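Using the numbering used here, the first residue of the sequence shown is number 2, and each one after it goes up by one.
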Amino acid sequence: MLGIARDNTIRARNVGRDITQGIRNLAGGELTAYSTLLADARDQAIERMEADALEMGADAVVNVRMETSEVTQGVSEVIAYGTAVKLA
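Rendered as structure tokens:
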């Protein structure tokens, strides 16, 4: 075990998208613009976590976890973290 590999990204919603997504919210169903925004944020957090692990000399990251939190209205943080390990 080399330590905890971690990184994050912070994303803000687009005001124009908020209007169209708000209308869709009234009708129900998936809010695709928000789903895409969150998926992109997760991917970026994972890529950054992997880069952190590589800097430690890790071959892999195990027990990866992700958390999402609202920093302020319309701004969310996604953090990815796990245990960086060197394989034998």
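Backbone N, C-alpha and C define an ideal beta-carbon position, used for all residues, glycine too.
The structure presented is a predicted model; accordingly, all values stated were derived computationally and were not measured.
Can you tell me the Cα-Cα spacing of residue i and residue j, whole angstroms?
i: alanine 40; j: threonine 69; result: 11 angstroms
i: methionine 50; j: glycine 30; result: 32 angstroms
i: aspartate 53; j: leucine 32; result: 32 angstroms
i: valine 79; j: tyrosine 35; result: 13 angstroms
i: methionine 2; j: valine 65; result: 14 angstroms
i: tyrosine 82; j: alanine 46; result: 9 angstroms
Taking the beta strand (DSSP E) that residue i falls in, what are its first and last residues?
i: aspartate 8; result: 4 to 13
i: alanine 61; result: 61 to 73
Taking the continuous alpha helix (DSSP H) assigned at residue i, which residues delimit it?
i: alanine 46; result: 33 to 56
So what does DSSP say about residue i, is it helix, strand or coil?
i: alanine 85; result: strand
Give the C-beta separation of residue i and residue j to the nearest angstrom, bearing in mind that I take them to be a contact with Cβ-Cβ under 8 angstroms.
i: valine 86; j: valine 63; result: 6 angstroms
i: arginine 12; j: alanine 42; result: 5 angstroms
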